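S.K.:
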Amino acid sequence: MIVVTGATGTLGSLVVERLLEHTPATDVGVSVRDPAATQDLADRGVRVRHGDFSAPESLADAFAGATRVLVVSAPLIGAEAVRANTTAIDAAVAAGAQHVVYTSHQAASSTSRFTPQPVHAATEQHLAGTGVPFTALRNGFYASTVPMLVTDALESGELLAPADGPVSWTDHADLAAAAAAALLGDDRLTGISAPLTADRTLDLAEVAAMLSDLTGRQVVRRVVDDEAWVDAQVRAGVPEPRARFALTMYLASRAGEFDVTDPLLAEVLGRPTTSLRDVMAGWLAAR
Ligand SMILES: NC(=O)c1ccc[n+]([C@@H]2O[C@H](COP(=O)([O-])OP(=O)(O)OC[C@H]3O[C@@H](n4cnc5c(N)ncnc54)[C@H](OP(=O)(O)O)[C@@H]3O)[C@@H](O)[C@H]2O)c1
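Residue numbers (my numbering): 481 to 767.
(1) In or out: Glu635 buried (at least 16 other Cβ within 10 Å) or exposed?
(2) What number of angstroms, rounded off, separates the C-alpha of Leu663 from the C-alpha of Ala577?
(3) Just to check my reading of the structure: Trp818 and Ala678 have Cβ atoms closer than 8 Å, yes? What is that Cβ distance to the nearest angstrom?
(4) What are the start and end residues of the beta strand (DSSP E) that includes Leu664?
(5) Nearest CA to the CA of Val581: which residue from Ala608, Ser592, Ser589 and Ile557?
(6) So what does DSSP say about Thr503, is it helix, strand or coil?
(7) DSSP state of Thr610, grouped into three classes?
(8) Would you mind stating whether Val630 and Val687 have Cβ atoms separated by less than 9 Å?
(9) Taking 8 Å as the cut-off, is the C-beta of Pro770 nearer than that to any heavy atom in ligand 1?
(10) Which class does Gly558 belong to by DSSP, given the choice of helix, strand or coil?
(11) Within its chain, find whatever has a CB closer than 8 Å to the CB of Ala633; leave out the 5 residues flanking it on each side and keep chain order.
(12) Does Leu539 come out as helix, strand or coil in the three-state DSSP assignment?
(13) Mind checking who Leu639 pairs with in its DSSP beta bridge?
(14) May I ask you to check if the CB of Val687 is nearer than 8 Å to at least one heavy atom of ligand 1?
(15) Return helix, strand or coil for Arg593, following the three-state DSSP convention.
(16) Would you mind stating whether Leu494 and Ala657 have Cβ atoms separated by less than 9 Å?
(17) With DSSP as the reference, identify every bridge partner of Ile482, one or two as the case may be.
(18) Determine, using beta carbons only, whether Phe543 and Ala587 come nearer to each other than 9 Å.
(19) Let me confirm a value: Met729 is counted as buried when at least 16 other C-beta atoms fall within 10 Å, else exposed. Which label applies?
(20) Do Gly492 and Thr485 have their C-beta atoms within less than 9 Å of each other?
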């Protein structure tokens, strides 16, 4: 049985759908904090069990009988995130999983300027140390982040943000298909994968030009001083820790940490990756 965690989330739910295209529902399980939220999967024959990374005892039951487990990185920060991710990995190993797949990030590094990356690096190290065959999916930066960065700009015509750098914005559905491939045994992904990215990078000036083109309304990119940007975020009601967390993304992109593309994702998909332009066009159409 393949067990997927995070199955109520955007990535995990897409992974389950991809798996169900290739394998009987009775061979798929999900480990979720709220089983009622995945009643539709239970109705389709998927095994639904309660599993919470912060309650290790729940994971023994959630992972029982699993040959492969997808540990979707917890949406937490710092030591708490490392603890949650490594608890889930250890539970998968204890349950007898023969292969553990973890959703890492293309820029995982202990020295990254972006807050989540040392968490991924520490989790990858723990995973490699288990001795069980593993895949750390070095997922590209979610393209779904871009709408959050540009919503205000669509109203004002000015994309105000700290200095940035190129990012290989990558589609959730493409990454979910790669995760499903890893769970189904695609050994091109085994170990610490190559970066799983879209085929080009764009900085925010290019994103602004793309938005102008897609909407027919000019959006101008303007660079804002880091501290002035944090102040403006706080004045707009964003808690300061969250604003400072977001600033680390700009610091990292400015340093070129996300200026990476690799053909592996397209090779695994057997088709070109989804462009940011297509993601943004879909988002604009749905607004
Ligand atoms: N590559 C990137 O650019 C990027 C960007 C942002 C985040 N990420 C990482 O990628 C992960 C998946 O992305 P996503 O878009 O699917 O996120 P998402 O939609 O927020 O889903 C997160 C999932 O984690 C589950 N979860 C939260 N706390 C948990 C816990 N203590 N134990 C077990 N499960 C827990 C949530 O379950 P509930 O429904 O119970 O809350 C949910 O199913 C994120 O969690 C984050 O670590 C990557």
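Beta carbons: idealized from backbone N, C-alpha and C, even for Gly. This structure is a prediction, so every number in the text was calculated from the model and none was measured.
M.R.: Result, derived from the coordinates:
(1) exposed
(2) Taken atom to atom, the span from the alpha-carbon of Leu663 to that of Ala577 is near 11 Å.
(3) Examination of residue 818 is not possible in this model, given that the chain is present from 481 through 767 alone.
(4) It is not in any beta strand (DSSP E) - Leu664 carries neither H nor E in the DSSP assignment.
(5) Ala608
(6) coil
(7) coil
(8) Going by C-beta atoms, Val630 is nearer than 9 Å to Val687.
(9) Summary: the structure shown does not reach residue 770, with the chain confined to residues 481 through 767, and so no result is reported for it.
(10) helix
(11) Leu639, Leu640, Ala688, Leu691 and Val699
(12) helix
(13) Beta-bridge pairing links Leu639 to Arg701.
(14) no
(15) coil
(16) yes
(17) Val508 and Arg548
(18) no
(19) buried
(20) For Gly492 and Thr485, yes; Cβs fall inside 9 Å.
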